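Engineer: Using my numbering, the first residue of the sequence shown is number 3, and each one after it goes up by one.
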Amino acid sequence: MSTDAADLDFLREAVALARANIAAGGRPFGALVVRDGAVLARAANAIHASGDPTAHAELLAIRAAAQALGVPRLDGCTVYASGQPCPMCLAAMHLCGVAAVHFAYSNDDAAAFGLSTAAVYAQMALPPAQQSLPVRPLRPPGEEGLYREWAQQRG
């Protein structure tokens, strides 16, 4: 099977997870984490079941893949998602070393259904002082050395 055919099969599986999640009362999002052609983890959005606003399919799949591998890095892994990853999920992918992401439905596809995260992407592209969510540094007086302490613990 060519890489393109495998990519399409993995995307079909992510979309099937999303459709099953709709049937279970959830949102239309499913994701897989794949490395070397093998699925390490599968997940569907679980916000409806858990009440956890971070229970996105991609994050749940990333957590499960990291647990399966026993390491916090997913170098060489590809994420397949039914929808375009939100900024939170995309940031997690960057932070854990995911090599590539493929998605079936874009923010443009999602917009008419209230599922687009394009506005969040736009906010995050602004400097922190210009974002609608106040993000400001504020260090308590006398607070120093947190990162130095961490570095010293690591040796």
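A virtual CB, placed ideally from N, CA and C, is assigned to each residue, including glycine.
Every value quoted in this text rests on a predicted model; they were computed, and no experiment measured them.
(1) Restricting to Cα atoms, I'd like to know which of LEU117, ASN47 and PRO129 is closest to ASN23.
(2) Just the Cα atoms here: how many angstroms apart are LEU19 and GLY27?
(3) Going along the chain, which residues of its own chain have a beta-carbon closer than 7 Å to the beta-carbon of ALA66, five neighbours each way excluded?
(4) Name the residue from ASP110, ALA120 and ALA114 whose alpha carbon lies nearest to the alpha carbon of LEU92.
(5) Let me check one thing: in DSSP terms, what residues is ARG44 bridge-paired to?
(6) What residue range is occupied by the uninterrupted alpha helix (DSSP H) comprising CYS98?
(7) Of all the options GLN86, VAL100 and TRP152, which has the alpha carbon lying nearest to the alpha carbon of ASP38?
(8) Could you tell me which residues DSSP pairs with THR80 in its beta bridges?
(9) Measure the C-alpha to C-alpha separation of GLU146 and ASP11 and round it to an integer number of angstroms.
(10) Taking just the CA atoms, how far does LEU34 sit from ALA123?
(11) Where do the N-terminal and C-terminal ends of the alpha helix (DSSP H) with GLN69 fall, by residue?
(12) Taking 8 Å as the threshold (C-beta atoms), are ALA70 and CYS98 in contact?
(13) Can you grab the Cα-Cα spacing for the pair LEU76 / ALA94, in whole Å?
Structural biologist: Put simply:
(1) The shortest C-alpha to C-alpha distance from ASN23 to any of LEU117, ASN47 and PRO129 is the one to ASN47.
(2) Roughly 12 Å separates the two Cα atoms.
(3) Same-chain partners within the cutoff: ALA43 and ALA45.
(4) The residue with the shortest Cα to Cα distance from LEU92 is ALA120.
(5) As DSSP reads the structure, ARG44 sits in a beta bridge with LEU34.
(6) First-last of the alpha helix (DSSP H) with CYS98: 89-98.
(7) The shortest C-alpha separation from ASP38 is found at VAL100.
(8) Answer is VAL36 and ALA102, bridged to THR80.
(9) Rounded to the nearest angstrom, the two C-alpha atoms are 51 Å apart.
(10) This sequence places Tyr at residue 123; Ala is not what is there. Whole-angstrom Cα-Cα distance: 22 Å.
(11) That run of the alpha helix (DSSP H) goes 59-71.
(12) In this structure, the beta-carbon distance from CYS98 to ALA70 does not fall below 8 Å.
(13) The C-alpha of ALA94 is placed about 10 Å away from the C-alpha of LEU76.
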